[in-house]
Amino acid sequence: MPRFSVFLTIVLLASCGCGRTAISSGGTHAAAESTKKTVNTFVEDAKKTPATAPQQLTTLLESIEANANALGGNFVAVADSAKELKAKYDSKAPKPEIEAATAKLKSSADALTP
Numbered sequence: 006m007p008r009f010s011v012f013l014t015i016v017l018l019a020s021c022g023c024g025r026t027a028i029s030s031g032g033t034h035a036a037a038e039s040t041k042k043t044v045n046t047f048v049e050d051a052k053k054t055p056a057t058a059p060q061q062l063t064t065l066l067e068s069i070e071a072n073a074n075a076l077g078g079n080f081v082a083v084a085d086s087a088k089e090l091k092a093k094y095d096s097k098a099p100k101p102e103i104e105a106a107t108a109k110l111k112s113s114a115d116a117l118t119p
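Heads up: take any position in the sequence shown, counting from 1, add 5, and you land on our numbering.
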């Protein structure tokens with residue numbers, strides 16, 4: 006019986022934390038891919054129909070902020086870029102400023118994945 010206890014202890018200690026990094030990494034990668042795709046779609050739509058961009062950005066920002074709060078890292082930079090763009094829309098900034106902030110958002114989202 007003591008051998009079984011030793012074996013069980015070894016197995017339990019060896020399995021502690023197994024797969025955690027892979028799950029976290031996989032979840033982060035999936036979120037990064039999704040965020041990148043969503044931001045790129047937003048940028049394309051904003052070019053086609055600029056009048057709807059502020060409302061779309063509000064919805065997008067909620068998702069990006071949720072990822073930033075849950076995952077941190079580069080997602081925070083994407084959230085900051087989205088907030089900056091929203092501020093430009095809210096203040097009715099000139100088109101070149103909005104375009105520059107949009108490009109910055111796209112660039113920060115593209116940096117999420119290699």
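Glycine is no exception: its CB is placed at the ideal position from the N, C-alpha and C atoms.
Inset, instruction - Mind checking which residues open and close the alpha helix (DSSP H) that includes residue 96? - result: Element bounds for residue 96: n/a, residue is neither H nor E.
Inset, instruction - Count the C-beta pairs between the segment 73-91 and the segment 104-119 that are closer than 8 Å, then say yes if the count reaches three, no if not. - result: yes
Inset, instruction - Run the CB neighbour count on residue 54, radius 10 Å, all protein chains shown included, and call it buried at 16 or more, exposed below. - result: exposed
Legend entry - Sufficient close CB pairs (3 or more, under 8 Å) joining the segment 35-42 to the segment 85-101: By the Cβ test, the segment 35-42 is not in contact with the segment 85-101, since fewer than three Cβ pairs between them sit closer than 8 Å.
Legend entry - Check whether residue 104 and residue 93 have beta carbons under 7 Å apart: Residue 93 is positioned such that its CB atom lies no closer than 7 Å to that of residue 104.
Legend entry - Proximity below 7 Å, CB of residue 106 to CB of residue 90: yes
Inset, instruction - Examine the ligand NAD and report whether any of its heavy atoms sits within less than 6 Å of the Cβ of residue 51. - result: You won't find the ligand NAD in this model; it holds no ligand whatsoever.
Legend entry - Beta-carbon proximity check, residue 69 vs residue 58, cutoff 7 Å: Contact check for residue 69 against residue 58 fails: the beta carbons are separated by 7 Å or more.
Inset, instruction - Mind reading off the beta-carbon distance from residue 47 to residue 61? Whole number of angstroms is fine, and I expect it under 8 Å. - result: Sure, about 6 Å apart at Cβ, within 8 Å.
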